[in-house]
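Chemist: My questions all concern the structure below.
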Ligand code: XIL
């Protein structure tokens with residue numbers, strides 16, 4: 024058994040998870056909590072899924088939606104059987120919700136949130152403000168550039184966006200990624216390519232506005248800042264830590280910090296990851312691993328790459344379980360047949376990455392048992 028490291032503001036952050044899951048399960052009407060789908064994980068010989076272990080350990084252990092495809096079988100069954108949390112992969116991104124300025128289409132987002140709710144899964148909303156990949160509508164930059172006062176225009180668009188999206192899911196989306204990837208890659212500096220950095224005189228003011236709007240729109244939602252590389256890159260961790268301290272000093276209403284965990288360039292060290300999660304917990308914040316995938320290509324020189332991959336999953340789940348402020352781990356994609364890495368314009372060149380807990384036939388890989396056992400070992 025591993026003693027939990029305590030964070031000052033949340034004497035038992037993991038108990039918040041238990042309360043939240045009970046309330047989602049109550050809302051779904053059938054009274055089923057994720058724990059009731061399997062027997063106790065500490066009873067020898069009993070069935071124990073990752074989600075069951077998570078519920079017993081006070082952790083949200085999730086996966087992503089696949090567009091709205093995860094509402095269909097068999098992936099839907101896989102997600103609701105093995106996880107107690109789900110993150111919207113694309114459906115809540117600004118670019119997915121809004122085709123033309125001011126015209127929102129919530130069809131897929133509504134379907135996703137309703138599915139999570141109906142199945143008693145904690146819902147992570149991803150993401151309100153992000154400047155990369157598919158996160159902004161195509162017209163966005165043009166609107167800003169055409170404005171007489173770009174910062175005033177951006178403030179107006181931000182306000183409209185948060186006030187349109189967040190209240191719609193009030194009390195149903197438990198956690199929001201408010202801002203994603205503030206830093207340049209492997210850097211401690213704000214990304215100069217970020218439209219938000221370019222337009223706002225003061226990037227801290229952008230963060231403050233984003234989080235304040237979200238707080239006003241749903242006072243009970245947990246509000247997160249999410250970043251790519253703090254798990255495995257010291258410069259990125261330092262930059263994120265500094266930025267978050269500045270947010271706290273300014274009084275920005277942030278509740279948590281997400282470490283994405285796309286392990287393609289290197290693998291995490293368990294002790295270092297634990298320390299870095301704990302560092303944010305000691306600021307009184309929640310932490311989560313929000314987008315975990317571990318490319319098999321990291322282990323091509325190992326005698327047993329699949330076992331080596333399982334060891335990394337074990338380390339990540341164990342690190343989170345060891346820090347009381349750490350409330351969850353989410354894998355980015357539920358199975359190797361669906362991984363975004365294989366179809367990404369850059370990373371796709373190194374496909375197949377087989378980076379998840381389940382193979383393309385939806386069978387659990389050794390990484391699954393490693394992750395679950397790490398969580399079970401942490402149950403008090
Ligand atoms: C990815 C999705 O998985 C893809 O389907 C989409 O084409 C591009 O975005 N970091 C993030 C996620 O925060 O939103 C990204 O998701 C993966 C990298």
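In my numbering, the protein residues as written are 24 to 403.
Cβ atoms here follow ideal geometry from the backbone N, Cα and C, with glycine treated the same way.
1. Quick one: is residue 378 buried, meaning 16 or more other Cβ sit within 10 Å of its Cβ, or exposed?
2. In whole angstroms, give me the CA-to-CA distance for residue 367 and residue 374.
3. Looking at C-beta atoms only, is the number of pairs between the stretch 114-125 and the stretch 160-178 that lie closer than 8 Å three or more?
4. Taking only three categories from DSSP, how would you classify residue 285?
5. Consider the C-beta atom of residue 156 and the heavy atoms of the ligand XIL; say whether any pair is separated by less than 7 Å.
6. Under a Cβ-count criterion, where at least 16 other Cβ atoms within 10 Å of its own Cβ denotes burial, should residue 332 be classed as buried or exposed?
7. Residues bridged to residue 200 by DSSP?
8. Please report the distance separating the alpha-carbon of residue 184 from that of residue 172.
9. If we ignore side chains and look at the alpha-carbon of each, how far apart do residue 135 and residue 87 end up?
10. Take residue 240 as the anchor and find which of 145, 261, 152, 186 has the nearest alpha-carbon.
11. Residues bridged to residue 387 by DSSP?
12. Just how far apart, CA to CA, sit residue 348 and residue 209?
13. Relative to the ligand XIL, is the shortest distance from any of its heavy atoms to the C-beta of residue 314 smaller than 7 Å?
14. Along the chain, where does the alpha helix (DSSP H) that runs through residue 220 open and close?
15. What residues are listed by DSSP as bridge partners for residue 312?
16. If you reduce the DSSP assignment to three classes, tell me which class residue 398 lands in.
17. For residue 130, does the count of other Cβ atoms within 10 angstroms reach 16, so buried, or fall short, so exposed?
18. Assign residue 52 to one of two classes, buried (16 or more other C-beta atoms within 10 Å of its C-beta) or exposed (fewer than that).
19. Buried or exposed, going by whether 16 or more other CB atoms sit within 10 Å of the CB of residue 288?
20. Nearest-angstrom Cα distance between residue 145 and residue 355?
21. With residue 122 as the anchor, note down where its beta strand (DSSP E) starts and where it stops.
22. Any chance the CB of residue 203 is under 7 Å from a heavy atom of the ligand XIL?
23. Give the DSSP-derived three-state secondary structure of residue 252 in the structure shown.
24. Under a Cβ-count criterion, where at least 16 other Cβ atoms within 10 Å of its own Cβ denotes burial, should residue 326 be classed as buried or exposed?
25. Between residue 334 and residue 150, what straight-line distance do the alpha-carbon atoms span, to the nearest angstrom?
26. Which parts of the stretch 81-142 are runs of the alpha helix (DSSP H), unbroken and 4 residues or longer, counting only runs that do not cross its ends?
27. Can you list, in chain order, the residues of its chain whose CB lies under 7 Å from that of residue 322, leaving out five sequence neighbours each side?
28. Within 10 angstroms of the Cβ of residue 54, are there 16 or more other Cβ atoms? Answer buried if so, exposed if not.
29. Would you mind giving the Cβ-Cβ distance between residue 140 and residue 195, rounded to the nearest angstrom? I have them listed as a contact below 8 Å.
30. From the DSSP output, in three-state form, read off residue 156 for me.
Modeler: For this structure:
1. buried
2. 9 Å
3. The stretch 114-125 is in contact with the stretch 160-178.
4. The three-state secondary structure of residue 285, taken from DSSP, is strand.
5. yes
6. buried
7. 149, 247
8. Their Cα atoms are separated by approximately 18 Å.
9. 10 Å
10. 186
11. The partner list for residue 387 (beta bridge, DSSP) reads 381.
12. Approximately 25 Å, taken between the alpha carbons.
13. Flag set: Cβ of residue 314 near the ligand XIL.
14. Start and end: 218-222.
15. 282, 352
16. helix
17. exposed
18. Note that residue 52 scores 35 on pLDDT, short of 50, meaning its location in the model is unreliable; the coordinates nonetheless yield the value given after this. Under the 10 Å beta carbon count, residue 52 is surrounded by fewer than 16 other beta carbons and is classified as exposed.
19. exposed
20. 15 Å
21. 121-123
22. yes
23. coil
24. exposed
25. 30 Å
26. Qualifying alpha helix (DSSP H) stretches, in chain order: 98-105, 117-120, 130-141.
27. Correct list, in chain order: 328, 331, 332.
28. Below a pLDDT of 50, predicted positions are generally treated as unreliable, and residue 54, at 29, falls in that range; no measurement from the model is reported.
29. Taking the Cβ atoms as the reference, residue 140 lies roughly 6 Å from residue 195, within the contact range of under 8 Å.
30. The three-state reading of DSSP puts residue 156 in coil, since its state is none of H, G, I, E or B.
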